[in-house]
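With our numbering as the guide, the letters of the sequence shown map in order to residues 789 to 952.
Just so it is clear, CB atoms sit at the ideal spot from N, CA and C, and this is done for glycine as well.
Taking it in order: structure first as C-alpha cells, then the write-up.
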Amino acid sequence: LVQRWGEPGVDWELAEEGSRGMYDEMGLPGYFTVLQSVWGVPQKSHWAGQFFGGVDYDNLNSRFTWDGNEANNEYKNALAVAKQVDYKPDEYIVKIIYSVEEQEEWANTRAAIATYVKQCMAMFATGQMDIDSQWDEFQANIVALGSEDLLAMDQAAYDRTMAD
C-alpha cells in the first residue's frame, strides 16, 4: 500500500467496518481509505515502481473506499473494470523471459522493422510508393529484416517461460 498510496496514517488508513469500496459490486469490499492523494503533488511518501495490474486486480491497491463522488476518476475506472471483467482471458502472460543475446537481437530487429515500417508509411501516404503495386515488396522486406526470426525467438522465449 505504501508503494502506491503513500504513508499510512497520513495519506491513507484502514477502512472502517462496513465502508463502501470502489469495487463492492465485484465482491471486493473497501480495505483502506485515501486521506490525501499523493498523485500530482510534490511529496516524499509515494514509492512508485512498475507493477502488473490486470482486469482482475484482486489486490489491496484496488480495495479503497469510495466517498460517493461520481466525478472521481478512480470511481470511473472501477465502473469500467466491472464491465470488462467477464471478458478477461483465463490465462495471460505477465512477462516473457529472454536471454541476454535474445534481448539484444530482439531490440535490434524490432527497431529495424519499426524504422522501415514508419518510412514506408510516409512514402505510401505521400505517393512515393504505390501501396497496390509495392505491397508484396514491402512485406518481403519486413521478412528480410528478420520478422520470421523474431517470431521464432518470441515463440522459443514463450515456450521456455511457460515451462518454468
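Proximity winner among the options, relative to residue i (alpha-carbon distances)
{"i": "residue 945", "options": "800, 890, 789, 822", "result": "890"}
{"i": "residue 798", "options": "804, 821, 809", "result": "821"}
{"i": "residue 930", "options": "942, 905, 823", "result": "905"}
{"i": "residue 942", "options": "792, 913, 928, 893", "result": "893"}
{"i": "residue 871", "options": "814, 808, 789, 947", "result": "814"}
Residue interval of the beta strand (DSSP E) (run including residue i)
{"i": "residue 802", "result": "800 to 802"}
The ligand MN heavy atom lying under 7 Å from the CB of residue i
{"i": "residue 925", "result": "Ligands are entirely absent from the displayed structure, and the ligand MN is therefore not among its contents."}
Start-to-end residues for the alpha helix (DSSP H) that takes in residue i
{"i": "residue 931", "result": "919 to 932"}
{"i": "residue 863", "result": "861 to 872"}
{"i": "residue 901", "result": "888 to 914"}
{"i": "residue 851", "result": "Note, residue 851: premise wrong, no alpha helix (DSSP H); not H, not E."}
DSSP state of residue i mapped onto helix, strand, coil
{"i": "residue 819", "result": "coil"}
{"i": "residue 880", "result": "coil"}
Cβ shell of residue i (< 8 Å), same chain only, five flanking positions each side left out
{"i": "residue 948", "result": "885"}
Bridge partner(s) assigned by DSSP for residue i
{"i": "residue 809", "result": "853"}
{"i": "residue 796", "result": "800"}
Own chain, CB closer than 7 Å to residue i, minus 5 neighbours either side, in chain order
{"i": "residue 926", "result": "908"}
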